[in-house]
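As structure tokens, the structure follows; a few thoughts come after it.
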Amino acid sequence: MSAQLPLPLEGLPPAPAGPSPAKPTPARDARSAPKVVAEGVPSSVRRDPHADDVRRPVAWLHIVAPPSYGASPSVRSWCSCGRDIFTAGRARALALIADHEQHRTTCPRLTQRRDAA
0 MSAQLPLPLE GLPPAPAGPS PAKPTPARDA RSAPKVVAEG VPSSVRRDPH ADDVRRPVAW
60 LHIVAPPSYG ASPSVRSWCS CGRDIFTAGR ARALALIADH EQHRTTCPRL TQRRDAA
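Sequence positions in the sequence shown follow numbering that gives the first Met the number 0 and run 0 to 116.
Structural data, given as structure tokens:
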């Protein structure tokens with residue numbers, strides 16, 4: 000009986016022993032450098048889209064107004080200074096909207112940020 004050769008795992012071919020086709024070829028002379036990107040492709044460094052620009056929400060006004068005139072609107076005013084007010088009803092909602100605008104001009108946290116800018 001003849002000796003059996005070991006079978007390759009899952010039928011994968013062996014890895015090539017030569018250079019990888021993904022590497023650029025060396026330049027033929029010293030005057031030209033290897034081409035890195037295709038023509039028309041910008042090669043400049045772009046800013047990171049996930050970088051933090053330190054901007055944060057400071058004061059929010061969330062208004063929910065149903066399409067029906069008879070439905071009651073609701074408003075929530077939130078600020079980073081600790082203010083968090085919720086109200087429902089047309090008259091109260093309008094009053095809270097006006098109060099939120101007033102708070103934005105007098106809030107110490109917001110005026111501190113404006114002075115720093």
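For each residue, glycine too, the CB sits at the ideal point set by N, CA and C.
Minimum C-alpha distance to residue i - residue among the options
i      : options                       : result
Ala58  : Ile96, Pro12 and Arg103       : Arg103
Arg54  : Pro13, Gln3, Ser79 and His99  : Ser79
Glu100 : Pro12, Gly88 and His61        : His61
Val74  : Ala64, Tyr68, Gly81 and Arg82 : Ala64
Tyr68  : Arg89, Arg82, Leu95 and His49 : Arg89
Arg108 : Trp77, Gly17 and Pro12        : Trp77
Which residues DSSP lists as bridging residue i, in chain order
i     : result
Val57 : Paired residue(s): none; Val57 is not in a bridge.
Start-to-end residues for the alpha helix (DSSP H) that takes in residue i
i      : result
Arg82  : Arg82 -> no alpha helix (DSSP H), and no H or E assigned at all.
Arg103 : Arg89 to Thr105
Pairwise C-alpha distance: residue j and residue i
i      : j     : result
Arg121 : Ala70 : The first residue shown for the chain is 0 and the last is 116, placing residue 121 beyond what the model contains.
Pro66  : Arg46 : 42 angstroms
Trp98  : Pro72 : The residue you asked about is not Trp; residue 98 is Asp in the sequence shown. Between Asp98 and Pro72, the C-alpha separation is close to 16 angstroms.
Pro133 : His49 : This structure does not reach residue 133, given that the chain is present from 0 up to 116, and the question cannot be answered.
Arg91  : Ile84 : 11 angstroms
Pro56  : Leu93 : 22 angstroms
Gly159 : Gln3  : The structure shown does not extend to residue 159, since the chain spans only 0 to 116, so no value can be given for it.
Rounded distance between the beta-carbons of residue j and residue i, thought under 8 angstroms
i     : j     : result
Leu95 : Thr86 : 5 angstroms
Enclosing beta strand (DSSP E) for residue i [first to last residue]
i     : result
Ser73 : Ser73 to Cys78
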